[in-house]
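Add 10 to the 1-based position in the sequence shown for my numbering, that's all there is to it. A quick write-up on the structure given underneath.
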Amino acid sequence: MVEENSNFEIVLPDGTMYKPEKDDRQKRQSIQGYDPEGKPKKMIFSIKTGCDRCGECCRRDTPIILKEDIPLLTKGIISEKDIYTIREGEKMRSSIDGDTYYSSMEIIKIRPIFGSFTCLFYDPVEGCTIYEQRPTVCRQYECWSQNIAITGLEGRRLTRAHLFGGIDFIKETIKKHEEYCSLTKFQDLIDELKKGKEENVEKIAEMILYDSSLRDWIKEKLELSDDILPLLFGKTLLELATFYGLIIEKEGENFLIKVIQEEET
Ligand code: SF4
Ligand code: SF4
11 MVEENSNFEI VLPDGTMYKP EKDDRQKRQS IQGYDPEGKP KKMIFSIKTG
61 CDRCGECCRR DTPIILKEDI PLLTKGIISE KDIYTIREGE KMRSSIDGDT
111 YYSSMEIIKI RPIFGSFTCL FYDPVEGCTI YEQRPTVCRQ YECWSQNIAI
161 TGLEGRRLTR AHLFGGIDFI KETIKKHEEY CSLTKFQDLI DELKKGKEEN
211 VEKIAEMILY DSSLRDWIKE KLELSDDILP LLFGKTLLEL ATFYGLIIEK
261 EGENFLIKVI QEEET
């Protein structure tokens, strides 16, 4: 990026001078400060007025995919393996404030790089690798303005029904999965277990087994790869278990389920 007062210039072959224009995505401002000797000195800083592709938002979270982004999927810019489902009622940790939330609706997002919040399409050197064809949410996000929330998400979000609604077999399997592995039911069973309802251990184990067997079954039946399962059914209950307060260990064919004891405050 060229600084406002940069002397950078090139003499072109025809003898004319080229001097880059001031980058209009950065506005230089100053405030009055003091130097170490106490003399007044202006402190210069820049504020953004446009996206300079710093990648900060890409490292913080991944974008929600909207219906208007379907062309990115049909053109293959984003594949079904690059996205996953957050189910209604799913417990999530916000990358912004670190707090816990429950998703009020089903959404589909770009997957993060494993073990981070960073978007799969972010490259530390190149920045966004699909910048010219990035999803709507990334285009509309303006970190420099107050305009950072997505409006009308309920009506604009892409769901599994939009992608698979026309394929009866998949639609029915997703419906069955939601019925047997509802996250609200999962949370309720865990809450009751924490209060001493030991018989819930078996019910929780059944849910986890159902979740994993259904994935294996459809994978084999339709010859699917593992990568598409997070889009079809969201995160596995086994993956979510720790976040819901359970420790699950496998002992041979059996699961050992323990409750993570919350520290008393
Ligand atoms: S929108 Fe994101 S990538 Fe663009 S300048 Fe803001 S934080 Fe950086
Ligand atoms: S799609 Fe591109 S712009 Fe959007 S979060 Fe990912 S890396 Fe950033």
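Built from N, CA and C at the ideal position, the CB exists for glycine as well.
Residue i - DSSP class collapsed to helix/strand/coil
i	result
residue 223	helix
residue 129	strand
residue 77	helix
residue 269	strand
residue 13	Model confidence at residue 13 stands at a pLDDT of 40, short of 50, so the residue's coordinates are unreliable and nothing is read from them.
residue 43	strand
residue 204	helix
residue 194	helix
residue 165	helix
residue 52	strand
residue 149	helix
residue 85	coil
residue 118	strand
residue 263	coil
residue 275	Note that residue 275 scores a pLDDT of 48, beneath 50, so its modelled location is shaky; the value from the coordinates is reported in the next line. DSSP places residue 275 in coil when its eight states are reduced to three.
residue 254	coil
residue 139	coil
residue 183	helix
residue 240	helix
residue 101	strand
residue 57	strand
residue 6	Any answer about residue 6 is impossible in this case: the structure gives the chain only from 11 up to 275.
Rounded distance between the beta-carbons of residue j and residue i, thought under 8 Å
i	j	result
residue 169	residue 118	7 Å
residue 193	residue 99	4 Å
residue 36	residue 62	7 Å
residue 214	residue 154	Between residue 154 and residue 214 the Cβ distance is about 46 Å, and since that is not below 8 Å, they are no contact.
residue 138	residue 127	The Cβ separation is near 15 Å, so there is no contact.
residue 247	residue 191	6 Å
CA-to-CA distance, residue j to residue i, given in whole angstroms
i	j	result
residue 145	residue 195	33 Å
residue 44	residue 54	12 Å
residue 121	residue 94	6 Å
residue 140	residue 206	51 Å
residue 86	residue 201	42 Å
residue 96	residue 245	7 Å
residue 235	residue 180	15 Å
residue 160	residue 48	46 Å
residue 74	residue 267	33 Å
residue 111	residue 198	16 Å
residue 176	residue 142	30 Å
residue 60	residue 150	11 Å
residue 226	residue 174	19 Å
residue 262	residue 123	31 Å
residue 209	residue 264	16 Å
residue 107	residue 116	21 Å
residue 13	residue 233	Low confidence applies to residue 13: its pLDDT is 40, below 50, so where it sits in the model is not reliable, and the reading given next is rough at best. Those two C-alpha atoms are separated by around 55 Å.
residue 185	residue 39	55 Å
Nearest residue (CA-CA) to residue i, options the options
i	options	result
residue 203	255, 104 and 68	255
residue 136	92, 64, 81 and 95	64
residue 133	68, 228, 213 and 151	68
residue 76	179, 233, 172 and 240	172
residue 220	189, 210, 233 and 205	189
residue 270	215, 253, 84 and 225	253
residue 257	81, 218 and 222	218
residue 90	143, 239, 115 and 265	239
residue 250	46, 103 and 142	103
residue 129	150, 229 and 88	88
residue 276	223, 78 and 210	The displayed coordinates of the chain run from 11 to 275. Any statement about residue 276 would go beyond what the structure contains.
residue 105	42, 125, 222 and 229	125
Check: residue i C-beta below 6 Å from any heavy atom of ligand 3
i	result
residue 132	Of the ligands one can find in the structure shown, namely ligand 1 and ligand 2, none is ligand 3.
Subject >> Residues passing the C-beta test against ligand 1 heavy atoms, cut-off 7 Å >> reply: 58, 61, 62, 63, 64, 65, 66, 67, 68, 151, 152, 153 and 154
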